[in-house]
Structure formats: C-alpha cells, structure tokens
Amino acid sequence: MAGKTGSTPATYSPSPATRKKKRTPIGDADWVRPDNRSFYQCRPAYLRTGAVSTAAGSAYAEFGNTKVIVSVFGPRESKKAMMYSDTGRLNCNISYTTFATPDHGQGSDNKELSSMLHKALEGAIILESFPKTTVDVFALVLESGGSDLPVVISCASLALADAGILLHDLVASVSVSCLGKNLVIDPISEEESYQDGSLMITCMPSRNEVTQLSITGEWSTPKTNEAMELCLGACSKLCEVMRSCLKDAVTDSKE
Amino acid sequence: MVGLSIGEKNFIKGGIAQDMRNDGRKRLTYRPIYVETGVIPQANGSARIKLGPTDVIAGVKAELGKPSQAHPDQGKIYIHVDCSPTAEPSFEGRGGEELSAELTAALEGCLLGGKSGAGAGIDPSSLSIKEGKVCWDLYIDCLVISSGGNLLDALGAAIKAALSNTGIPRVQVREAASSDEQADVDVSDEEFLQFDTSGIPVIVTLIKVGRHYIVDATSEEESLMNSAVSISVNRQGLVCGLTKRGGIGLDPSVILDMISVAKHVSEQLINKLDSEIEAAEKAHEDEP
Numbered sequence: 001m002a003g004k005t006g007s008t009p010a011t012y013s014p015s016p017a018t019r020k021k022k023r024t025p026i027g028d029a030d031w032v033r034p035d036n037r038s039f040y041q042c043r044p045a046y047l048r049t050g051a052v053s054t055a056a057g058s059a060y061a062e063f064g065n066t067k068v069i070v071s072v073f074g075p076r077e078s079k080k081a082m083m084y085s086d087t088g089r090l091n092c093n094i095s096y097t098t099f100a101t102p103d104h105g106q107g108s109d110n111k112e113l114s115s116m117l118h119k120a121l122e123g124a125i126i127l128e129s130f131p132k133t134t135v136d137v138f139a140l141v142l143e144s145g146g147s148d149l150p151v152v153i154s155c156a157s158l159a160l161a162d163a164g165i166l167l168h169d170l171v172a173s174v175s176v177s178c179l180g181k182n183l184v185i186d187p188i189s190e191e192e193s194y195q196d197g198s199l200m201i202t203c204m205p206s207r208n209e210v211t212q213l214s215i216t217g218e219w220s221t222p223k224t225n226e227a228m229e230l231c232l233g234a235c236s237k238l239c240e241v242m243r244s245c246l247k248d249a250v251t252d253s254k255e
Numbered sequence: 001m002v003g004l005s006i007g008e009k010n011f012i013k014g015g016i017a018q019d020m021r022n023d024g025r026k027r028l029t030y031r032p033i034y035v036e037t038g039v040i041p042q043a044n045g046s047a048r049i050k051l052g053p054t055d056v057i058a059g060v061k062a063e064l065g066k067p068s069q070a071h072p073d074q075g076k077i078y079i080h081v082d083c084s085p086t087a088e089p090s091f092e093g094r095g096g097e098e099l100s101a102e103l104t105a106a107l108e109g110c111l112l113g114g115k116s117g118a119g120a121g122i123d124p125s126s127l128s129i130k131e132g133k134v135c136w137d138l139y140i141d142c143l144v145i146s147s148g149g150n151l152l153d154a155l156g157a158a159i160k161a162a163l164s165n166t167g168i169p170r171v172q173v174r175e176a177a178s179s180d181e182q183a184d185v186d187v188s189d190e191e192f193l194q195f196d197t198s199g200i201p202v203i204v205t206l207i208k209v210g211r212h213y214i215v216d217a218t219s220e221e222e223s224l225m226n227s228a229v230s231i232s233v234n235r236q237g238l239v240c241g242l243t244k245r246g247g248i249g250l251d252p253s254v255i256l257d258m259i260s261v262a263k264h265v266s267e268q269l270i271n272k273l274d275s276e277i278e279a280a281e282k283a284h285e286d287e288p
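Residue numbers (UniProt numbering), protein chains in the order written: chain A, 1 to 255; chain B, 1 to 288.
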C-alpha cells in the first residue's frame, strides 16, 4: 500500500491535530465527553490520498479511532446486463473488516450504508462526463470508532477527486449527536450508543448545497437549526482540510 | 419510473407552478385516504391503506424474546418492507430489493427514534416484561401491493393504523425459584393490551419540482422530482426523523422551509388519519 505520492512516508502515523476548532462549550457542562473534547470540537483528522496504488484514486482517513480506506475504480465499462445510459453510473459499497467492531462479525446494515453513500455522492459527481461507464467506490472500514458514515463519505469524495472524476465540489460530511440537552459534534461509538438523536449532513460547502441529510430522534425546530449550522460550519472547515490534502499530494508528486 | 415525454413533463410542471395538479389537487393536498384495519387474522394487528392507486398492507406480530444486553429494559421493534412483483414487474426476483431496503431504512429512521429510544413512536420500554429476561419483539411487516407514488407516507400511515389495531396479550410473570433461570411467563389468550399510538408520527414527503413543493406525489410527478425530503412529525410538532432522496443538492434554508411546511401539513394529516383509523376500527368491531 505504498503511497503513490512519492516522498510521503508509506506508514500511517497519525499526524497531530490538523483540524482544531474550539468554540465555547454550552451552559450546563457538568458532563464531560469520554475523550475530553469540548462539545463542539471535532476529532483531529488525518487524511492522505493515494493509499492504494492499483486503484484509479484512493484515500485514507483517520478521525480518532475511526479508520477508513476508500478506493475508486473506473470509469470502466458498465456490466453487459445494464441498459444503455447516456450518463455514467455510480456504484458504492461499504464493508467492515471483521475486526472493525468490538463484537466479531459484520454488521448487516452495510447495504443501507452503501445506499446512503451513493445518495450522498451522486449529487456531486458530474455523471454526464462519463457516459456508458461505471465508477466503483469501495470503502473499507478498518476500525469503527463512531461517525463511520460521515468519515467514509468525506474520504470517498477525496478518493474521487484523486481519481480525477469530475466533481461539482468536494463533499464533506459531519454528524451531530443529541445527548439529553447537549449537542455534541463528531460523536464516538460510545456516545452514539446512548444518543437520543442524531443529525448527519453531507454538503458541498462552496456551493452551499446539502446533498444528504438524515435525522433520527426527536428534534425541535431551534435545535435542528442549531445542529445544522454546527454541521455546516464543520463541513466547510473539513473541506478546507481535504483541499489542502489534495494540494499537498500534487506538490509532493511534482518534487 | 414512468416514462414521460417532454411535453407531458412540462404540462405537469406548469400545473404545479399554478397550484393546480393533473388530478385537480392543490400542491399541499393529499389524495383521499382509505383505511381498513384487522385485515390479517393471523397477525396481532394489521391495516391496509389506499392512497389513490397506492395500496399497502402492514401487519404487526408480537413474539416473546430476550432483550438485548445494551438495553435490558426495552423490547425490540423490527420493520421490514416487501415489494411484491404484483405492484410492478420490475420488483420480480431481486429487483424490489433495493427499494425495499431504502423504504425499510427510511421507516426505521422516521419511526424508531434515536438509539436510546427517545423520539420513538412506540416506547420500547413499554414492551419490556421482565428486565433482562423477557420482552416483546415486535415485527412490523409491510407489503406493497400496488405502487402509485408516495409509498413511504402510505407505509408510515399503514404502520400507525396497524399499531392502533394491535392487541398484545397480557403477560403474567411467575416468580421463578432461582433468579438466573429462564423466567416463567403466563400468556393470556383472553386479555389484550392496546398501545398508546398517539405519539406515533406521520411521515410527510415533500417533493421539490421547480421552485415548489408538493405532497403525496403520483408516480408521474415522482419521475419529475429533483429531490425529495421525507419528514416524520408527531402530534407535538416535533421532527422525529428525516431522510432525503434524490441526489440534487438543496440549499440549507430550503430544507428548513420544507420542515416548516411539513409540520403544517402534518397537523391536518394526523387529524385526518386518526379519524379514519377510528372509523375503520368501529367498522371492524361492528362486523359479526
């Protein structure tokens, strides 16, 4: 899995916080998050393109304990059984390694996650640019540490960009958990297991467009507003990190 | 998807822009809802909903099960949607699987609330019989008989109606001599308990066509959609779940506007649905 970016190290040592956001914590702060983050602070993100040399494009993302790898193949000829289409097709698949979660065995909701990934990405890809062909996006969750789907989505858009697929914009995704009265951004598994509700936004920050949004649990309007703003703010910051990662990869390969 | 010519598409779009849809409805009007309860004698509760040509059945079965370790004081609720090939030839074999999975995920997101059980239509702790030992497992199975657009709202309504129709047998726990043994339960076949279904949200799907939103779209109208947002709202006007379909992005302010429109529409829908369910229950009881 040597990086194709040349001078970058081939090992994945987590870099110190590349993304730091600190806002004032909310009023009743008698509860402390398990990893001592403030409520509105995301985990440090480590992103790197070119993780798989045989793929057209690939990316590795590490947000705290959540580690995912996404590779993109294609555009390549659609399966023969498929009907003719003048726009390209997108095929997404998410799988978990058997050691990704504490309890052995794979989750059954991979199909559901795969379709969520598909819906999150299809709005950003200019499918007209590769008629009759299919782009495959394969995501592998190496370690599940919470907020898996948002991390996979962000990582997948980075991989698509690395593969040179035409995109309207990079797609960034962030989720917020509702725990009692508190909203916590970028929840870890432990927080997700006792959350009262969650809100996940996938957006293209420079176009200010939401490509995917899902809410579970009970939400009042002011809370929805607050959570959406929180997510959108985090998305645009994450997108900057992703953009700088892509730029770094290009400058590295030129050297 | 329905194949439409450009002319037909423009005709439908023009109608929507002028608040007069092909079947004479306004943008935010539902088709008449027909509710029938108690259609499946084998199930603990069932209902059939017709919304124009859309026809769905939901059945609820309750079985004794063991609570999960994470939530020993709660029962489990499973939702499954089956798309029958009778509805559309393309559903044959594995063709309906994708749609089934999508609808199942959307219904779970809209009706089951968060992981802790907050915001769920049915309080999962009401399904507990003996903490950590026995609980009710609720299997909600839905069948799409005929698809004429707006399946998700119809399925949501069918589940609500089926749960209002559901009777769970009263259970008595016999005090077992040793606490670590499997709990001994007596299931009554005469006394049944009803659910409190007032908290179950309704699902309102708003489809954005051009600059306008429409509810309860027909399959022709669905084929025009840029994006659809399904929002489940309960009687208190709180959002209990939201899913988005269609890949085209939306401005965040548009989504917030859609949520407020959905809340407004849901008030009428809940009242309409409740009175229809009540009428259906009465008709069911009057039958010999």
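Idealized CB from N, CA, C, for every residue including glycine.
T211/A sits close to G249/B, with the two beta carbons spaced by under 8 Å. Note on W31/A: under 16 other CB atoms within 10 angstroms of its CB, so exposed under the neighbour-count rule. Excluding residues up to 5 positions away in sequence, S100, L103, T104, C142 lie with their Cβ nearer than 6 Å to the Cβ of V81/B in the same chain.
Proximity of the region 34-45 of chain B to the region 126-137 of chain B falls short of the contact definition, fewer than three beta-carbon pairs being nearer than 8 Å. Assignment of R27/B by DSSP, reduced to helix, strand and coil, places it in the coil class. Looking at the backbone, the Cα of R25/B and that of A158/B are separated by about 22 Å. The beta carbons of V68/A and V151/A sit closer together than 8 Å. Between the region 205-219 of chain B and the region 25-34 of chain B there are three or more C-beta pairs closer than 8 Å, enough to call the two in contact. In the DSSP assignment, E63/B falls within the beta strand (DSSP E) that extends over 54-65. Inclusion of K76/B and G65/B in the CB contact set at 8 Å is warranted, their separation being smaller than that value.
In the three-state reduction of the DSSP assignment, E218/A falls in the strand class, which pools E and B. In this structure, DSSP gives K67/A an extended state, which the three-state scheme calls strand. The Cβ-Cβ distance between G149/B and S219/B falls below 8 Å. Not flagged as an interface residue toward chain A: E222/B, since no C-beta distance is shorter than 8 Å. Within chain A, the C-beta atoms nearer than 8 Å to that of D251/B come from N208, E209, V210, in chain order. Per the DSSP secondary-structure output, M200/A pairs in a beta bridge with S175/A, S214/A. Using a Cβ distance threshold of 8 Å, L140/A and L90/A do not count as a contacting pair. The beta carbon of I12/B lies closer than 7 Å to those of N22, E220, E221, L224 in the same chain, with the five residues before and after it left out. Sorting G14/B, E285/B, N271/B by C-alpha distance to the C-alpha of I33/B places N271/B at the top.
In the DSSP annotation of this structure, P89/B is not part of any beta strand (DSSP E), being labelled neither H nor E. A direct Cα-to-Cα measurement between R43/A and E88/B gives close to 46 Å.
About 6 Å separates the Cβ atoms of L230/A and V176/A, confirming a contact at the 8 Å cut-off.
Per the DSSP secondary-structure output, C239/A pairs with nothing in a beta bridge. Going by DSSP, A47/B is part of the beta strand (DSSP E) stretching over 45-51. Think of a sphere of 7 Å around the beta carbon of K111/A: the chain B residues whose beta carbon falls inside it are A101, in chain order. The continuous stretches of beta strand (DSSP E) do not include Q268/B, which lies in the alpha helix (DSSP H) extending over residues 252-286. Residue W219/A holds the alpha-carbon nearest to the alpha-carbon of A120/B among A100/A, E192/A, E255/A, W219/A.
In this structure, DSSP gives K181/A a state outside helix and strand, which the three-state scheme calls coil.
The distance from the Cβ of V233/B to that of C240/B is about 7 Å, consistent with a contact at the 8 Å cut-off. Taking 8 Å as the cut-off, the Cβ atoms of V171/A and I201/A do not count as close. Within chain A, no residue has its beta carbon less than 9 Å from that of L127/B; the closest one is some 18 Å off. Within chain B, the residues whose beta carbon sits less than 7 Å from that of L213/A are L242, K244, I255, listed in sequence order. Contact annotation: A47/B and I140/B have beta-carbon atoms that are not nearer than 8 Å. Within the DSSP bridge table, the entry for Q194/B names G167/B as partners. Between the region 188-205 of chain B and the region 162-173 of chain B, the count of Cβ pairs shorter than 8 Å is three or higher; the stretches touch. Per DSSP, the unbroken beta strand (DSSP E) holding C142/B starts and ends at 134-146.
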